[in-house]
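Numbering (UniProt numbering), first residue to last: 1 to 299.
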Ligand code: G1P
């Protein structure tokens with residue numbers, strides 16, 4: 001599989017019920033961190049890793065994601081006429097020119113594995129990436145997917161991003177058992193979706209970045225519903241590792257679980273504190289908010 005990935009799959013068909021009522025009309029992938037929606041961060045990471053074909057697996061209610069990547073003629077014209085060139089560039093650059101977006105509908109919400117399988121006709125027979133936009137990964141250096149794509153090109157293995165989580169949280173993640181790590185990579189011996197802490201093989205959790213051999217599609221086709229009654233990507237990966245090498249990759253960077261309220265808040269704070277123009281104001285504002293709350297707590 002020592003081939004550079006060119007295609008990235010974004011499963012964005014979920015209902016986002018944790019963020020209701022906001023997600024009644026706005027898909028969770030469109031929730032912003034500062035001024036960019038979550039999906040934009042994931043797309044930028046994929047493009048940086050070398051992908052030029054982005055496959056969005058969406059559902060029939062999620063026009064907002066397709067609209068976002070479409071050309072906004074009227075808006076462009078208005079910004080041009082009023083000389084707002086900086087903003088014009090921002091909306092023109094949501095996708096670089098050499099990158100194409102393809103939209104595939106997942107007719108029924110049958111699980112993450114099923115969503116990835118929907119991308120099969122576009123991806124075909126080549127290694128590809130899967131990015132879950134809920135998992136936002138912040139890094140000063142190369143993005144997590146680029147790190148993984150570089151490693152996959154060298155080792156020829158499929159790569160699954162992992163990080164340590166508190167043992168009591170294993171039930172929220174895919175969990176892997178690995179052999180020894182060499183640098184950031186360790187061969188996966190077993191993988192299981194959302195095990196209870198009592199039976200979890202480790203506390204090394206899967207984070208939403210994958211570089212996968214296209215063999216995964218054939219395996220997904222015969223994967224039966226698993227945890228939560230859904231067709232799980234994790235179960236197909238468990239089958240893949242009996243045939244081909246699959247490595248866990250401890251990426252460099254900080255992951256925010258933007259599928260939860262606190263994760264979205266945490267990401268917003270971190271990006272604000274690191275922001276070119278907002279960081280000082282954000283720090284002062286947070287300091288005074290903490291001071292005010294501290295005073296209230298003492299009462
Ligand atoms: C999915 C995967 C799980 C992985 C997680 C990472 O679960 O099924 O293996 O650990 O993403 O965010 P979800 O969070 O969609 O339930």
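We put the beta carbon where it would ideally sit given N, CA and C, even for glycine.
Discussion item. Looking at the ligand G1P, does it come within less than 8 Å of residue 172, judged from the CB to the closest heavy atom?
Written reply: If you number the chain shown from 1, residue 172 lands on position 172. Under cutoff, so the answer is yes.
Fill in: Burial state of residue 32 (16 or more Cβ within 10 Å)
Within the chain shown, residue 32 is the residue found at index 32, counting from 1. The residue in question, residue 32, is exposed, as its Cβ has fewer than 16 Cβ neighbours within 10 Å.
Worksheet item: Looking at the structure shown, is residue 184 part of a helix, part of a strand, or coil, going by DSSP?
Response: In the chain shown, residue 184 corresponds to position 184, counting from 1. Here residue 184 sits in coil by DSSP.
Worksheet item: Nearest to residue 88 by CA position, among 215, 100 and 71, is which residue?
Response: Here residue 88 refers to the residue found at position 88 of the chain shown. The shortest Cα separation from residue 88 among 215, 100 and 71 belongs to 71.
Worksheet item: Are there 16 or more other CB atoms within 10 angstroms of the CB of residue 235, so buried, or fewer, so exposed?
Response: Start at 1 with the first residue of the chain shown, and residue 235 comes out as number 235. Flag for residue 235 reads buried.
Item to complete: Could you tell me whether the stretch 211-221 touches the stretch 266-283, where touching means 3 or more Cβ pairs closer than 8 Å?
Response: no
Discussion item. Using a 10 Å radius around the Cβ and a threshold of 16 neighbouring Cβ atoms, would you call residue 306 buried or exposed?
Written reply: The question about residue 306 has no answer here: the residues shown for the chain are numbered 1 through 299.
Worksheet entry | Selected residue, minimal CA-CA separation from residue 158, among 172, 165 and 186 | Counting from 1 along the chain shown, the entry for residue 158 is found at position 158. Closest option to residue 158, Cα to Cα, is 186.
Worksheet item: Based on Cα-Cα distance, which residue from 293, 65, 241 and 42 lies nearest to residue 132?
Response: By one-based count along the chain shown, residue 132 stands at place 132. The shortest Cα separation from residue 132 among 293, 65, 241 and 42 belongs to 42.
Fill in: Chain-order list of residues whose beta-carbon lies under 6 Å from that of residue 221 (same chain, five-residue window excluded)
Against the chain shown, residue 221 aligns to sequence position 221. Taken in chain order, the list of residues that qualify is empty.
Item to complete: Report the rounded CA-to-CA distance for residue 48 versus residue 253, giving the unit in angstroms.
Response: In the chain shown, the residue the question calls residue 48 occupies position 48. In the chain shown, the residue the question calls residue 253 occupies position 253. Cα to Cα, residue 48 sits roughly 15 Å from residue 253.
Item to complete: Using only alpha-carbon positions, find the residue among 36, 63 and 78 that is nearest to residue 93.
Response: Position 93 of the chain shown, counted from the first residue, corresponds to residue 93. Closest by alpha carbon: 36.
Discussion item. For residue 152 and residue 285, which I take to be in contact (beta-carbon distance under 8 Å), what is that distance rounded to the nearest angstrom?
Written reply: As a first step, residue 152 must be located in the chain shown, where it is residue number 152. As a first step, residue 285 must be located in the chain shown, where it is residue number 285. Not confirmed; about 42 Å, so no contact.
Fill in: Beta-carbon gap between residue 45 and residue 144 smaller than 9 Å
Against the chain shown, residue 45 aligns to sequence position 45. Against the chain shown, residue 144 aligns to sequence position 144. Cβ distance < 9 Å, so residue 45 and residue 144 count as in contact.
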